[in-house]
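Peer 1: Numbering (full-length UniProt numbering), first residue to last: 1 to 240.
Input: one structure, supplied below.
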């Protein structure tokens, strides 16, 4: 795989086509929204999916760890689909996760799906992590940033036009001070990067990096479009 360099707040980061971010200077790998055990959570609610999402996600993570060999892994929240997800893991999946984290400093950033630390797993749980000029958190915060920010939560995706029609893929969204990572989980959905929830974080526009098999495909994203007046009025008056 061919990663793409990105300079944020004076730091050189690498965007991996597998959907992860590497910080080589700190031997750190960053992943967003694993959503482990989403399939089992749906099954408990009567919505049956093949129960292999955790295994597939961990296999992809294992490949990335082998490529980068980091000393630290930061998971940006929603690592499990719900607070009980860690306890529902199959024994072989739990054993694989323990092997993957052996000898690695693990930081579990808490998310809205997993607001409590995962039970029985190594590592430290944090609301957010600040290091140098970078802050790692689950959901991006609007407004000026000091320091810069790395986050997940929104599962961005985008459509790139081609001669054969549009191709939609998960993507990174980035500018000079902020990066939103795509979701890494096998069953994670996606939100279009042009949606106001994402585009509003980048009022001057951004760059999109769509995930390919072995490389990333980059294209610009324009400034956020103003919301229609009716939607803006409903939001401002607290409707909905």
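Even glycine gets a Cβ: it sits at the ideal position worked out from N, Cα and C.
(1) Which full runs of the alpha helix (DSSP H) of 4+ residues lie inside the UniProt domain "Calcineurin-like phosphoesterase" (29-129), going along the chain?
(2) Suppose contacts are defined by Cβ-Cβ distances below 8 Å. Is residue 64 in contact with residue 20 by that definition?
(3) Does DSSP put residue 148 in a helix, a strand or coil?
(4) Please report the distance separating the alpha-carbon of residue 262 from that of residue 155.
(5) Residue 158 and residue 201: beta carbons closer than 8 Å?
(6) If I'm right that residue 55 touches residue 28 with Cβ under 8 Å, what's the distance once you round it to whole angstroms?
(7) What's the C-alpha gap between residue 241 and residue 30?
(8) Less than 7 Å between C-beta atoms, sequence neighbours within five positions excluded: which residues of the same chain meet that for residue 16?
(9) List the endpoints of the continuous beta strand (DSSP E) containing residue 220.
(10) Tell me, to the nearest whole angstrom, how far the beta carbon of residue 32 is from that of residue 161; I am working on the premise that it is less than 8 Å.
(11) Please list the segments of the alpha helix (DSSP H) lying wholly inside the region 143-206, counting only runs of 4 or more residues, in order along the chain.
(12) For the beta strand (DSSP E) that residue 135 lies in, which residues bound it at each end?
(13) Since I believe residue 78 is in contact with residue 114 (beta carbons under 8 Å), could you give me their beta-carbon distance rounded to a whole number of angstroms?
(14) Using CA coordinates, which residue listed in 10, 18 and 12 is at the minimum distance from residue 214?
(15) By the 10 Å Cβ neighbour count, where 16 or more other Cβ atoms means buried, how is residue 206 classified, buried or exposed?
(16) What would DSSP say about residue 12, mapped onto helix, strand or coil?
(17) For the structure I just gave you, are there three or more beta carbon pairs, one from the region 161-177 and one from the region 3-12, closer than 8 Å?
(18) Can you find the residues in the same chain that come closer than 6 Å, C-beta to C-beta, to residue 236, ignoring five residues on each side of it along the sequence?
(19) Can you list, in chain order, the residues of its chain with a C-beta nearer than 7 Å to that of residue 186? Leave out the 5 residues immediately preceding and following it.
(20) Mind checking who residue 5 pairs with in its DSSP beta bridge?
(21) I believe residue 101 touches residue 126 by the beta-carbon criterion, under 8 Å. Please report the beta-carbon distance rounded to the nearest angstrom.
(22) Using a beta-carbon distance below 8 Å, is residue 81 in contact with chain B?
(23) Could you pull out every residue in the same chain whose Cβ sits closer than 7 Å to the Cβ of residue 117, ignoring the five residues on either side in sequence?
Peer 2: Straight from the coordinates:
(1) Considered as a whole, the UniProt domain "Calcineurin-like phosphoesterase" (29-129) harbours 38-44, 53-68, 85-88 and 91-101 as its complete alpha helix (DSSP H) runs of no fewer than 4 residues, in chain order.
(2) Here residue 64 corresponds to residue number 64 of the chain shown, with the count starting at 1. Here residue 20 corresponds to residue number 20 of the chain shown, with the count starting at 1. Against a cut-off of 8 Å, the Cβ pair of residue 20 and residue 64 comes out as a contact.
(3) Your numbering for residue 148 matches position 148 in the chain shown. Looking at residue 148 - three-state DSSP - the assignment turns out to be strand.
(4) This structure cannot speak to residue 262, because the chain is shown only from 1 to 240.
(5) If you number the chain shown from 1, residue 158 lands on position 158. If you number the chain shown from 1, residue 201 lands on position 201. Going by beta carbons, residue 158 and residue 201 fall outside the 8 Å limit.
(6) In the chain shown, counting from the first residue as 1, residue 55 sits at position 55. In the chain shown, counting from the first residue as 1, residue 28 sits at position 28. Their Cβ separation, rounded to whole angstroms, is 25 Å, which puts residue 55 and residue 28 out of contact at 8 Å.
(7) No answer is possible for residue 241: the residues shown for the chain start at 1 and end at 240.
(8) Counting from 1 along the chain shown, the entry for residue 16 is found at position 16. Within the same chain, 1, 3, 22 and 64 come within 7 Å of residue 16 by CB-CB distance, once the 5 residues on both sides are set aside.
(9) Reading the chain shown from its first residue, position 220 is the one you call residue 220. Counting along the chain, the unbroken beta strand (DSSP E) around residue 220 starts and ends at 216-221.
(10) By 1-based counting over the chain shown, the position of residue 32 is 32. By 1-based counting over the chain shown, the position of residue 161 is 161. The C-beta separation of residue 32 from residue 161 comes to about 26 Å, leaving the pair out of contact by the 8 Å criterion.
(11) Counting only unbroken stretches of 4 or more residues, the alpha helix (DSSP H) elements lying wholly within the region 143-206 are 196-199, in sequence order.
(12) Your numbering for residue 135 matches position 135 in the chain shown. Per DSSP, the unbroken beta strand (DSSP E) holding residue 135 starts and ends at 134-136.
(13) Residue 114 sits at position 114 when you count from the first residue of the chain shown. Residue 78 sits at position 78 when you count from the first residue of the chain shown. Taking 8 Å as the upper bound for CB-CB distance, residue 114 and residue 78 are in contact here, some 6 Å apart.
(14) Translated into the one-based positions of the chain shown, residue 214 becomes position 214. The candidate whose alpha carbon is nearest that of residue 214 is 18.
(15) Position 206 of the chain shown holds residue 206. Only buried fits residue 206, as 16 or more other CB atoms lie within 10 angstroms of its CB.
(16) Counting from 1 along the chain shown, the entry for residue 12 is found at position 12. The answer is strand: DSSP assigns residue 12 an E or B state.
(17) For the pair of segments examined, the region 161-177 was found to touch the region 3-12: the number of CB pairs separated by less than 8 Å reaches three.
(18) Counting from 1 along the chain shown, the entry for residue 236 is found at position 236. Confidence at residue 236 is low in this model, with a pLDDT of 38, below 50, so the placement of that residue should be treated as unreliable; the coordinate-derived value is given next. No residues qualify anywhere along the chain.
(19) Start at 1 with the first residue of the chain shown, and residue 186 comes out as number 186. If you ignore the 5 residues before and after residue 186, its C-beta comes within less than 7 Å of the C-beta of 53, 56 and 57, all in its own chain and listed in chain order.
(20) Residue numbering aside, residue 5 sits at position 5 when the chain shown is read from its first letter. Its beta-bridge partners are 14.
(21) For the purposes of this step, residue 101 is taken as the residue at position 101 of the chain shown. For the purposes of this step, residue 126 is taken as the residue at position 126 of the chain shown. The beta carbons of residue 101 and residue 126 sit about 16 Å from each other, so the pair does not count as a contact at 8 Å.
(22) Absent here is chain B; the protein component of the structure consists of one chain.
(23) Walking along the chain shown from the start, residue 117 turns up at place 117. The residues are 108 and 125.
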